[in-house]
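Asker: Residue numbers (this note's numbering), protein chains in the order written: chain A, 837 to 945; chain B, 4 to 118.
Here it is: the structure, laid out below.
As structure tokens, then:
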């Protein structure tokens, strides 16, 4: 099993739709979780951290399920500008962060 | 803060040539990471430093790759000799030591093409 797995997509959704991505991880001792966003030919940028109780940042909601070892990202009211690749990131030690290959989201008018 | 600064942005070289990639981390960040990104493999960790000391270089593909961090504000990743399969985007990232859940901050990356 890969350390961090994501559905590569693409997820094609119309503007205003709600879309959700999941990410599974293999190391049950993982401590920290993040979602990063990467635009085409750009560097990854932090979208949000994922907390044990779940957290929300505007239209974005992140959830953690330790029992099933997955995290999720929900995007409400999708915008054209949300089109990007979303990377799931898991810490496998104090310092090392492991990235999934990403899920591509395409939001169309 | 200027963020993580990488140079060059693009590098095109011929097989067999030496390539040197440079990185300046965010001031005060104790951890520096080198990643490589390709379509096939995604983001792969090559090596990381803590307080200028290499901690884990298990991701470095072969002896042709080497990395140094002579001081807290500068790191290099060198490929010698380069090969076409080294073509990728190389990212440098830094992270502070305050908390285990502190995020990575990436530079703009160096797009390397080896012909």
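Every residue gets a Cβ at the ideal spot worked out from N, C-alpha and C, and that includes glycine.
Is there a Cβ of chain A sitting closer than 7 angstroms to that of residue 111 of chain B, yes or no?
Answerer: Reading the second chain from its first residue, position 108 is the one you call residue 111 of chain B. Yes, because at least one Cβ of chain A sits closer than 7 angstroms to the Cβ of residue 111 of chain B.
Asker: May I have the straight-line CA-CA distance separating residue 6 of chain B from residue 53 of chain B, to the nearest angstrom?
Answerer: For this step, residue 6 of chain B is matched to residue 3 along the second chain. For this step, residue 53 of chain B is matched to residue 50 along the second chain. Cα to Cα, the separation comes out at about 18 angstroms.
Asker: Return the chain-ordered ranges of every beta strand (DSSP E) run that is complete within the segment 900-926 of chain A and spans a minimum of 3 residues.
Answerer: Runs found: 906-911.
Asker: Just checking my contact of residue 926 of chain A with residue 866 of chain A at CB under 8 angstroms: how many whole Å lie between their CB atoms?
Answerer: As a position in the first chain, residue 926 of chain A is number 90, starting the count at 1. As a position in the first chain, residue 866 of chain A is number 30, starting the count at 1. Contact holds; Cβ gap of about 5 angstroms.
Asker: If you measure beta-carbon to beta-carbon, which residues of the segment 922-945 of chain A are closer than 9 angstroms to chain B?
Answerer: The residues in question are 923, 925, 927, 929, 930, 931, 932, 933, 934, 935, 936, 937 and 938.
Asker: What is the C-beta distance between residue 941 of chain A and residue 845 of chain A, in whole angstroms, given that I count them as a contact (C-beta under 8 angstroms)?
Answerer: Within the first chain, numbered from 1, the residue matching residue 941 of chain A stands at position 105. Within the first chain, numbered from 1, the residue matching residue 845 of chain A stands at position 9. Their Cβ separation, rounded to whole angstroms, is 7 angstroms, which keeps residue 941 of chain A and residue 845 of chain A in contact under 8 angstroms.
Asker: Would you report the Cα separation of residue 3 of chain B and residue 35 of chain B, rounded to the nearest angstrom?
Answerer: Nothing can be reported for residue 3 of chain B, as the shown portion of chain B is limited to 4 through 118.
Asker: Just by C-beta distance, which residues in the segment 69-99 of chain B are closer than 9 angstroms to chain A?
Answerer: Within the segment 69-99 of chain B, the qualifying residues are 92, 94, 96 and 98.
Asker: Can you tell which of B:106, B:44 and B:93 has the C-alpha that lies nearest to the C-alpha of residue 932 of chain A?
Answerer: Residue 932 of chain A sits at position 96 when you count from the first residue of the first chain. Comparing Cα-Cα distances from residue 932 of chain A to each of B:106, B:44 and B:93, the minimum goes to B:106.
Asker: Check whether chain B comes within 7 angstroms of residue 868 of chain A, counting only Cβ atoms and requiring the distance to be less than that.
Answerer: In the first chain, counting from the first residue as 1, residue 868 of chain A sits at position 32. Yes, residue 868 of chain A counts as interfacial toward chain B.
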